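K.L.:
Chains as they are written, first to last, in the numbering used here: chain A, 1 to 321; chain B, 1001 to 1251.
(1) Hey, how far is the Cα of residue 1213(B) from the Cα of residue 1149(B)?
(2) Can you look up residue 1113(B) in the DSSP assignment and give me helix, strand or coil?
(3) With burial defined as no fewer than 16 other Cβ atoms inside 10 Å of the residue's Cβ, what is the status of residue 1232(B): buried or exposed?
(4) Any chance you could list the beta strand (DSSP E) runs of at least 3 consecutive residues sitting entirely within the segment 105-174 of chain A, in chain order?
(5) Taking Cβ-Cβ distances below 8 Å as the criterion, which residues of the segment 1092-1109 of chain B are in contact with chain A?
(6) Ends of the alpha helix (DSSP H) at residue 1028(B)?
(7) Quick check: what's the CA-CA separation for residue 1048(B) versus residue 1006(B)?
(8) Which ranges would you report for the beta strand (DSSP E) in the segment 1059-1125 of chain B if only whole runs of at least 3 residues count?
(9) Would you kindly work out how many angstroms separate the C-alpha atoms of residue 1118(B) and residue 220(A), rounded to a whole number?
(10) List the residues that DSSP assigns as beta-bridge partners of residue 1036(B).
(11) Report yes or no: is there a C-beta of chain A within less than 8 Å of the C-beta of residue 1216(B)?
(12) Classify residue 71(A): buried if its beta carbon has 16 or more other beta carbons within 10 angstroms, exposed otherwise.
(13) Name the DSSP bridge partner or partners of residue 1047(B)?
(14) Spell out the partners DSSP gives residue 1006(B) in its beta bridges.
(15) Is the beta carbon of residue 214(A) sitting closer than 8 Å to the one on residue 188(A)?
(16) Can you give me the Cβ contacts of residue 1109(B) inside the same chain, cut-off strictly under 6 Å, excluding the 5 residues immediately before and after it?
(17) Which same chain residues end up closer than 7 Å to residue 212(A) when comparing Cβ atoms and leaving out the 5 residues on each side of it in sequence?
(18) Near residue 9(A), which residues of its chain fall below 6 Å by C-beta distance, leaving aside the five closest residues on each side in sequence?
(19) If the cut is a Cβ gap below 8 Å, which residues of chain A does residue 1163(B) touch?
(20) Please confirm whether residue 1137(B) has its beta-carbon closer than 8 Å to some beta-carbon of chain A.
(21) Could you give the residue range of the alpha helix (DSSP H) that holds residue 227(A)?
(22) Evaluate residue 1126(B) with the Cβ neighbour count: other Cβ atoms within 10 Å of its Cβ, from every protein chain shown; 16 or more gives buried, anything less gives exposed.
(23) In its own chain, which residues sit with a C-beta less than 7 Å from the C-beta of residue 1013(B), not counting the 5 before and 5 after it?
(24) With respect to the beta strand (DSSP E) encompassing residue 1172(B), which residues constitute its N-terminal and C-terminal limits?
(25) Can you round the beta-carbon distance between residue 186(A) and residue 268(A) to whole angstroms, since I take them to be within the 8 Å contact cut?
(26) So, is residue 1042(B) buried or exposed, given that buried needs 16 or more other C-beta atoms within 10 angstroms?
(27) How about residue 1177(B): is its C-beta nearer than 8 Å to some C-beta of chain A?
(28) Look at residue 263(A) and residue 254(A) and say whether their C-beta atoms are less than 8 Å apart.
(29) Could you please give the first and the last residue of the uninterrupted beta strand (DSSP E) stretch that includes residue 1227(B)?
(30) DSSP three-state label for residue 1013(B), please.
(31) Tell me which residues share the same chain as residue 367(A) and place their Cβ nearer than 8 Å to its Cβ, disregarding the 5 neighbours each side in the sequence.
(32) Given that residue 1119(B) touches chain A, what residues does it touch there, using C-beta distances under 8 Å?
(33) I'd like the list of long-range same chain contacts for residue 100(A), defined as Cβ closer than 7 Å, with 5 residues on each side in sequence excluded.
(34) Which class does residue 1139(B) belong to by DSSP, given the choice of helix, strand or coil?
(35) Select from 204(A), 256(A), 68(A) and 159(A) the residue whose C-alpha is nearest the C-alpha of residue 131(A).
(36) Run down chain A in chain order and give the residues with a C-beta less than 9 Å from the C-beta of residue 1167(B).
If you want it as structure tokens, here you go:
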């Protein structure tokens, strides 16, 4: 019996063509964009990883965390500390950032994932506040607000030596990680594990009565989410070549939620749209109006008024009906 | 306490919510292969009994045994893995998942590594096949690609049963499976239950006497948290106290 319910499974699955077009555009744009725009797009791609990582937590298992700045900052400092103190190369430093994200997600997750809804939101917000304050105050360690600057060693892949100081190299370096992250997370979302995550989003209590230890699966999702957020933070530190307490700021907890809501919760690639819209908006509108955040809020409300599933969620549901 | 041939047994289970005693010294047992009914007026403690058995509530006192094993303090997911599964009175499904996927999740819980992050979900052949069998058994095969929230209420009730079945339980607890559905749908649902009753042990909570009298070997009557009568459908029909409870409820 060959039952392939693939094309209907989950129903929030991102259309593959969207992902391919998006990534191809990025590949092409890297070659033609002027310098300033290229750096903007590099940042966007880093945020896309954060948005996707956050989507695993919020979109797939319905855990609205306010603590992801902890993992973003942790990942950034994983890179900074390992390069400064351990003198490792760029690629190993990324492993340190993943490791930092993993450890922090286990610590925060073990305590907070037991709680649900508002209690979960509050305790993750508390974790964020504690880590932010620590990062600000322990200036001898973190450099506080001023941060710590990095000198990046060059990356050697076989016979090729690449320097991240070159904007083009940096661009494609980040793009590679974005593509790999998407492949891993998309595979996970379509695996048995992903199905269990989605069923937890749909009805957590029922999943328990189907014989699953819901806490364990929510923790798994939380950790996966934390690790990819840390990757994003690590890449951001590499791109900016410095890390500061700012990486723990509230901005990095709130923005992922906004990206996911605009782009489409639970679609993984949908939040990319959110990133693009918000980043362009922030870049261009903030230049001529100081209070651009007000406009920001109105646009978010409008998008969510049209479809609670966000932009990509709206497109998917229109296509199916 | 628990003897070998009893599949499920509760020993003087009491459940208090503050001052309210929802279950009062309920001792109840069911043997392999039986189909039992539980009836009683609203607030008699029927659903509370299910909640206590399935681990959602911990009883104030008393013990629960499944195959002689004390499951009183187990969490719901462990009890489910032990082979006890339930449905819910109000449909309790995955609204934005397809019928197929909803059942798939339950079947997958019995897999050796249910959390496998590497394979594609629909590539696990044995799980797909089992899911398909259950869709067929309950008659949802044609609607397997529908979203659960798009089903009619009657079909949602059937999906509810199918999801409980998907974990391959040895004992199935059904909480008012025909409540709130049309007579035609009620017939469909009792047909499904009748099919199942040949394969497994079932406890059925029902308001509709028709269904209970038709399907069950032994009926237990609960009132105000106590077992007031137990016997075959005929005995229950003739029992004076049962008549008083039911007539009293009407007047």
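Virtual Cβ for every residue (Gly too), placed ideally from N, Cα, C. Values in this document were obtained by computation on a predicted structure and should not be read as measured data.
P.N.:
A quick look at the data gives this:
(1) 31 Å
(2) coil
(3) exposed
(4) 155-157 and 160-162
(5) 1092, 1093, 1094, 1095, 1096, 1097, 1098, 1100, 1101, 1102, 1104, 1105, 1106, 1108 and 1109
(6) Careful: residue 1028(B) lies outside any alpha helix (DSSP H), inside the beta strand (DSSP E) at 1020-1031.
(7) 21 Å
(8) 1061-1066 and 1084-1086
(9) Rounded to the nearest angstrom, the two C-alpha atoms are 14 Å apart.
(10) DSSP, once it has assigned bridges, lists 1203(B) and 1218(B) as partnering residue 1036(B).
(11) no
(12) buried
(13) In the DSSP output, where bridge partners are listed per residue, residue 1047(B) has none listed.
(14) Answer is 1031(B), bridged to residue 1006(B).
(15) no
(16) For residue 1109(B), same chain residues with a beta-carbon under 6 Å away, outside a window of 5 residues either side, are 1167 in chain order.
(17) 196
(18) Low confidence applies to residue 9(A): its pLDDT is 43, below 50, so where it sits in the model is not reliable, and the reading given next is rough at best. Cβ-Cβ distances below 6 Å link residue 9(A) to nothing in the same chain once the five nearest sequence neighbours on each side are left out.
(19) For residue 1163(B), the residues of chain A that pass the 8 Å Cβ criterion are 206 and 210, in the order they occur in the chain.
(20) Answer no: the Cβ-Cβ gap between residue 1137(B) and chain A never drops below 8 Å.
(21) 214-240
(22) Under this definition residue 1126(B) is an exposed residue.
(23) 1023, 1026, 1052, 1059, 1062 and 1064
(24) 1171-1175
(25) 6 Å
(26) exposed
(27) no
(28) no
(29) 1226-1231
(30) strand
(31) Nothing in the structure corresponds to residue 367(A), since chain A is present only between 1 and 321.
(32) 191 and 192
(33) Cβ neighbours of residue 100(A) beyond the five flanking positions: 74, 75, 77, 78 and 230.
(34) coil
(35) 68(A)
(36) Within 9 Å of the CB of residue 1167(B), the CB atoms of chain A belong to 209, 210 and 211, in sequence order along the chain.
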